[in-house]
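Reading through the structure tokens given below for one structure.
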Amino acid sequence: MSVRGETRLWIAQRASAAVLALCVLVHLATMIYAVRGGLTGAEILARTRGSGAWLAFYSVFVLAVTVHAPIGLRAVLAEWLGWRGRSRDAALLLFAMLLAWMGMRAVFGVFA
Amino acid sequence: MSATLRVRVWRGGAEGAFREYEVPRRESQTVLDVVTHVQRHLDPTLAYRYACRVGMCGSCAMTVNGQPRWTCRTHVDKVAKGDRIELAPLKNLPVIRDLVTDMREFFDKWARAKGQFRGEKKRSDDFARISPASERRKLVDAAIECIGCAVCYSACDVAAWNPDYLGPAALNRAWTLVNDERDAQQAARLRAVAGDAGCHSCHTHMSCTDRCPKALSPTAGIAGLKRAVAVAALKGGL
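Residue numbers (this note's numbering), protein chains in the order written: chain H, 1 to 112; chain X, 1001 to 1238.
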């Protein structure tokens, strides 16, 4: 990959990390708040179904994960397994698509 | 303090074994004194490298009890485990023989990181005037005292994992030039130090900063390079 491409990936990973830091805080705080006094599936669905704010927040969360995780894994694969080059990047693109699909499927699963 | 030191010294190349020597222990003895005693009195075939003996030339670095160190300024009292010292060549560099490593790749990487100064002024031009108090000059001052001993390179995990990685010393050198207002190859240097072989591979483990005998912080320089490269990329100048 070109130096410009590598630099863009680095910027994307740092930016997505900043988004994730905020998302994880909101996610944990909401969970702790929501779980007080027990929690049922019906209660969760009552909160999430039809909630545009919830959909927007968790869509951003999933997209940030989709950007962040494969770039981090890219370095792990290179340094631990010596896997570099196009085959690695193609595999990671597939992994990113899998993350996005699974994540958004979960988000829509409790929204719709 | 025991009267003798038991010193295990690496003998051979990439393949080899430790051999043990007994060396008289003395007051204010440095690790380089120990190696020199072995070579002069016990085994003249031992290969090692040194020059200045006062921490200026950067040629005597070795792995002492598992840690890379400059041996001429390392006192035995500080590093001996009881009466034992283990000496090996620097890590992450090919071993030529015994305690001598091949430093070519290490210095070639300085060149690859565009570690050369290139000015624009001619002999007839006036001097460049750089205030010692300017921010960029202060950044240069903080990083300029590198003696090229390769202790940081030997301590670096990323250099062990990625053979193309330029390493802390070369990137530290590039950082001094990125902050040199007189230098005329800034864009090319940022391209040279970016990417998988450059600053973006650094995990900020800080082993280089922890081990640098001159108390420099290549980690800070590498972080500076990441910022400079990111700014250049966002402005379309990379």
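Think of the CB as a built atom: it goes at the ideal place given N, C-alpha and C, for glycine as much as any other residue. What you are looking at is a predicted structure, and each value in this text was computed from that prediction instead of being measured.
Can a CB atom of chain H be found closer than 9 angstroms to the CB of residue i?
i, result
"residue 1238 of chain X", "yes"
"residue 1191 of chain X", "yes"
"residue 1175 of chain X", "no"
"residue 1198 of chain X", "yes"
"residue 1078 of chain X", "no"
Got a sec, what are the start and stop residues for the beta strand (DSSP E) residue i sits in?
i, result
"residue 1022 of chain X", "1016-1024"
"residue 1010 of chain X", "1004-1012"
Pick from the options: whose alpha carbon is nearest that of residue i?
i, options, result
"residue 1019 of chain X", "X/1119, X/1051, X/1036 and X/1098", "X/1098"
"residue 1160 of chain X", "X/1028, X/1011 and X/1201", "X/1201"
"residue 1182 of chain X", "X/1119, X/1032 and X/1218", "X/1119"
"residue 1038 of chain X", "X/1014, X/1057 and X/1009", "X/1009"
"residue 1093 of chain X", "X/1104, X/1188 and X/1084", "X/1104"
"residue 1221 of chain X", "X/1175, X/1012 and X/1238", "X/1175"
"residue 1210 of chain X", "X/1151, X/1076 and X/1025", "X/1151"
"residue 1177 of chain X", "X/1226, X/1193, X/1061 and X/1117", "X/1117"
"residue 1096 of chain X", "X/1113, X/1075 and X/1048", "X/1048"
Does any residue of chain X have a CB that is nearer than 9 angstroms to the CB of residue i?
i, result
"residue 101 of chain H", "no"
"residue 16 of chain H", "no"
"residue 90 of chain H", "no"
"residue 80 of chain H", "yes"
"residue 10 of chain H", "yes"
Which first and last residues belong to the alpha helix (DSSP H) in which residue i is found?
i, result
"residue 1085 of chain X", "Where residue 1085 of chain X is concerned, there is no enclosing alpha helix (DSSP H), although the beta strand (DSSP E) it sits in stretches over 1084-1088."
"residue 107 of chain H", "86-111"
"residue 1040 of chain X", "From DSSP, residue 1040 of chain X is part of no alpha helix (DSSP H); its letter is neither H nor E."
"residue 26 of chain H", "3-35"
"residue 70 of chain H", "52-81"
"residue 1189 of chain X", "1186-1193"
"residue 1140 of chain X", "1135-1143"
"residue 1211 of chain X", "1207-1211"
Is residue i helix, strand or coil when you go by DSSP?
i, result
"residue 44 of chain H", "helix"
"residue 1045 of chain X", "coil"
"residue 1061 of chain X", "strand"
"residue 1075 of chain X", "strand"
"residue 1168 of chain X", "helix"
"residue 1053 of chain X", "coil"
"residue 1081 of chain X", "strand"
"residue 1129 of chain X", "coil"
"residue 1218 of chain X", "helix"
Which whole-angstrom value describes the C-beta separation of residue i and residue j, a residue pair presumed to lie in contact below a C-beta threshold of 8 angstroms?
i, j, result
"residue 92 of chain H", "residue 73 of chain H", "6 angstroms"
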